[in-house]
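One structure is given here, and the rest of the page talks about it.
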Amino acid sequence: MHRLREALDRTQENGAAIGHFNISDSVILNAVFASGRELNVPVLVGVSEGEREFMGVRQIAALVRSLREEFDFPIFLDADHTHSLAKAIEAARAGFDLIVFDVSALPFEQNVRQTKEAVEALKAINPVILVEGEIGDIGTGSEIHEEAPDLSKGLTSPAEAKQFVESTGVDILAPAVGNMHGMLKSMVQGQTRKRLDIERIAQIKGAAQVPLTLHGGSGTDDEDLRKAIAAGINIIHINTELRVAWRRGLEEGLAKQPLEVVPYKILPFAVESVEKVARSRLKLFNGRN
Ligand SMILES: [Zn+2]
């Protein structure tokens with residue numbers, strides 16, 4: 085029986101981080117699963133509220149569970165950015181391994197109160213479920229943005245991180261440390277990269293003493309990602325990079341076979357394109373390159 089808590093502990097002991105990839109369909113799910121198996125490293129797939137609505141909460145849970153059981157492989161499922169207790173409870177009941185309970189848009193005290201309530205409710209449904217809380221501002225939308233938002237005022241402080249973790253009982257914390265959801269056009273073109281506040285990550289880790297998640301990892305400088313893992317990041321989210329690869333692969337499949345209508349002859353181009361990105365990110369997170 086694979087458990088996310090154990091996979092997290094083992095990955096940290098190895099000086100590595102778990103790759104978290106958002107999925108909207110079986111193309112990305114299969115690509116992520118194949119990459120994880122190829123490298124023999126655990127993988128975490130995430131579905132936001134929008135992605136869950138598209139795939140079905142119980143349906144995606146059944147898909148991931150069937151892969152984990154049939155292949156005896158550590159693939160786990162996260163209810164990413166869940167903004168209400170009702171949706172968090174729905175995912176916990178469906179068997180998700182992790183819930184990212186995100187009311188970080190609220191003032192700090194309200195965020196603490198609601199997150200604490202969510203931790204208690206979710207652990208009552210499943211005592212081994214993990215709950216991640218979020219403080220600070222890392223923007224919204226894993227898509228391509230025209231302009232960079234000013235996130236400098238929303239950075240997480242180590243004192244706030246400690247207080248938040250102690251008062252809520254969350255298992256995992258998602259801080260704002262220079263990361264941001266989505267990518268700028270210049271990042272998609274490879275001209276610019278996101279940079280992280282490594283010193284802040286180390287201070288937050290020392291203060292909070294729990295596993296840390298880096299959201300919005302797409303387009304981040306490779307060396308910064310390595311340093312972030314060494315400073316205490318345990319889970320890294322990659323979404324937009326996979327979405328870009330999915331679209332490019334799909335376009336290639338359509339362009340190469342203009343008259344083809346059979347999905348399983350067109351979609352393998354998208355699987356391959358996504359797999360390339362997932363494999364390269366997993367290699368980096370697990371110190372294989
Ligand atoms: Zn996120």
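Numbering follows the working numbering, in which position 199 of the sequence shown is assigned residue number 283; successive positions increment by one, without gaps.
Every residue, glycine too, gets a C-beta built ideally from N, C-alpha and C.
Nothing here was measured: the structure is a model prediction, and the numbers come from that model.
Contact between the stretch 306-316 and the stretch 268-280 is present: three or more C-beta pairs spanning the two stretches fall below 8 Å. Excluding the 5 residues flanking it on each side, Ser251 has same chain C-beta neighbours closer than 6 Å at Val196, in chain order.
In this structure, DSSP gives Ile320 an extended state, which the three-state scheme calls strand. Taken in chain order, the complete alpha helix (DSSP H) segments of 4 or more residues contained in the stretch 289-347 are 306-315 and 324-340. Closest option to Glu204, judged by alpha-carbon separation, among Gly290, Val254 and Asn124: Val254. Burial state of Lys349 is exposed, judged by a 10 Å Cβ sphere holding fewer than 16 other Cβ atoms.
In this structure, Val127 sits away from Thr297, with a CB-CB distance that is not shorter than 9 Å. Here Gly333 is not near His265, since their CB atoms are 9 Å or more apart. Using a cutoff of 8 Å, the CB of Asn318 does not count as near ligand 1, since none of the ligand's heavy atoms is closer than that. In terms of CA proximity to Met267, Ile228 leads the group Ala260, Ile228 and Pro242. With a minimum length of 4 residues, the unbroken runs of alpha helix (DSSP H) contained wholly in the stretch 190-220 fall at 192-209. For the pair Ile107 and Glu193, the Cα-to-Cα distance works out to about 32 Å. Beta-bridge analysis with DSSP links Ile256 to Glu216. Along the length of the stretch 103-129, whole alpha helix (DSSP H) runs at least 4 residues long occupy 110-123, reported in chain order.
Runs of beta strand (DSSP E) with 3 or more residues, each lying fully within the stretch 146-181, are found at 159-166, listed in chain order. Here Met267 is bridged, per DSSP, to Ile228. Proximity of the beta carbon of His167 to ligand 1 is not indicated: no heavy atom of the ligand is located closer than 8 Å.
Residue environment for Ser270: exposed (fewer than 16 other C-beta atoms within 10 angstroms of its C-beta). The C-beta separation of Gly316 from Lys360 comes to about 29 Å, leaving the pair out of contact by the 8 Å criterion.
Secondary structure of Ile183 (DSSP, three-state): strand. Contact between the stretch 206-213 and the stretch 238-251 is absent: fewer than 3 CB-CB pairs across the two stretches fall below 8 Å. Straight-line measurement puts the Cα of Leu113 at about 14 Å from the Cα of Phe155. Check the Cα spacing between Glu325 and each of Val345, Gly301, Glu344 and Leu235: the tightest is with Gly301. According to the DSSP assignment, Gln273 belongs to no alpha helix (DSSP H), since it is labelled neither H nor E. For Val131, the pairing in a beta bridge is given by DSSP as Ala163.
Sequence-distant Cβ neighbours of Val148 in its own chain, meaning closer than 7 Å and more than five residues away, are Val129, Ile159 and Leu161. In this structure, Asn370 places its C-beta atom within 9 Å of the C-beta atom of Leu123.
Taking 8 Å as the cut-off, one finds at least one heavy atom of ligand 1 near enough to the beta carbon of Ser226. As the crow flies, the alpha-carbon of Arg152 is around 34 Å from that of Gln341. Rounded to whole angstroms, Leu257 and Glu344 show a C-alpha spacing of 46 Å.
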